[in-house]
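Worksheet: one structure, shown below.
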Amino acid sequence: MELKLTIAQLALLLRLLYEEGIFVVISIASLLRFFSLHFMSKRQKQISYGSMNKLYYSGDQFTGYAVRELLLNMVNRLNKMFFPI
Numbered sequence: 045m046e047l048k049l050t051i052a053q054l055a056l057l058l059r060l061l062y063e064e065g066i067f068v069v070i071s072i073a074s075l076l077r078f079f080s081l082h083f084m085s086k087r088q089k090q091i092s093y094g095s096m097n098k099l100y101y102s103g104d105q106f107t108g109y110a111v112r113e114l115l116l117n118m119v120n121r122l123n124k125m126f127f128p129i
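According to our numbering, the sequence shown is numbered sequentially starting from 45.
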């Protein structure tokens, strides 16, 4: 399945979800393997586990900004759907 995210953005989003306890997995490695096997980024048709693992632990401000904007857009959508003013 293709995503409109870079691998770095996907890795950071997975890290946030994992750290919030969203996934019922103990092993981060199994989570990263699953996503590297079943998803592709907007730039790469195949994501290696090694690349995903490296990016999971190393983020940068540019990637953080992009993921933050995505999450804020999602919160705005939730507000419009369930909490209209």
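Virtual Cβ for every residue (Gly too), placed ideally from N, Cα, C.
In this structure, what does DSSP give as the bridge partners for residue i?
i: E46; result: M84
The alpha helix (DSSP H) that contains residue i, what's its start and end?
i: V111; result: Q105 to F126
i: I51; result: I51 to E63
Contact defined as beta carbons within less than 8 Å: I believe residue i pairs with residue j. What is the distance between those atoms, to the nearest angstrom?
i: F83; j: L75; result: At roughly 12 Å, the Cβ-Cβ gap does not stay under 8 Å, so F83 and L75 are not in contact.
i: S80; j: S71; result: That pair is no contact at about 14 Å.
i: S95; j: I51; result: 6 Å
i: L54; j: L47; result: 6 Å
i: L58; j: Y100; result: 7 Å
i: L49; j: K89; result: Going by Cβ atoms, the distance from L49 to K89 rounds to 14 Å, so no, they are not a contact pair.
Give the secondary structure of residue i by DSSP, where H, G and I count as helix, E and B as strand, and everything else as coil.
i: K89; result: coil
i: F79; result: helix
i: S74; result: helix
i: S95; result: helix
Is residue i close to chain C? Criterion is C-beta to C-beta, closer than 8 Å.
i: S85; result: No chain C is present in this structure, which holds just one protein chain.
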